[in-house]
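Asks:
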Amino acid sequence: MEKDLIEYIAKSLVDEPDAVSVTEAVGERGPVLELKVAEGDIGKVIGKYGRIAKALRTVLSASAGKDGKRYGLEILD
7 MEKDLIEYIA
17 KSLVDEPDAV
27 SVTEAVGERG
37 PVLELKVAEG
47 DIGKVIGKYG
57 RIAKALRTVL
67 SASAGKDGKR
77 YGLEILD
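Here it is, written out as structure tokens:
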């Protein structure tokens, strides 16, 4: 569910929604969602001073917290 949520939000933000992909990986501290967007859209997902990226992580944390899970979010370039 968290994967779909991040994918939906990211597709709403970018100019090329077909290039958005979210994969789940295992990191050092647990599960991590890896968000990949088109090269020209990376700034739209990160935002000024990382504000949008921080908001995505906050939404992810709130969504996963309901189920007692914990996810990380990495934005790949």
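Be aware that the sequence shown starts at 7, since it is given in my numbering, and climbs by one per residue.
Beta carbons: idealized from backbone N, C-alpha and C, even for Gly.
1) Would you kindly report the start and end of the unbroken alpha helix (DSSP H) that includes G36?
2) Quick one: give me the first and last residue of the alpha helix (DSSP H) that A61 is part of.
3) With which residues is G78 paired in a DSSP beta bridge?
4) With DSSP as the reference, please indicate the residues paired to S18 in a beta bridge.
5) Count the other CB atoms, across all protein chains shown, that sit within 10 Å of the CB of E8; report buried if there are 16 or more and exposed otherwise.
6) Cα-Cα, which of L41, G36, S18, P23 is closest to T29?
7) So is Y55 buried or exposed if we call it buried at 16+ other beta carbons inside 10 Å?
Replies: Let's see:
1) It is not in any alpha helix (DSSP H) - G36 instead sits in the beta strand (DSSP E) that spans 36-42.
2) 57-72
3) V38
4) Note: S18 sits in no beta bridge, so no partner.
5) buried
6) L41
7) exposed
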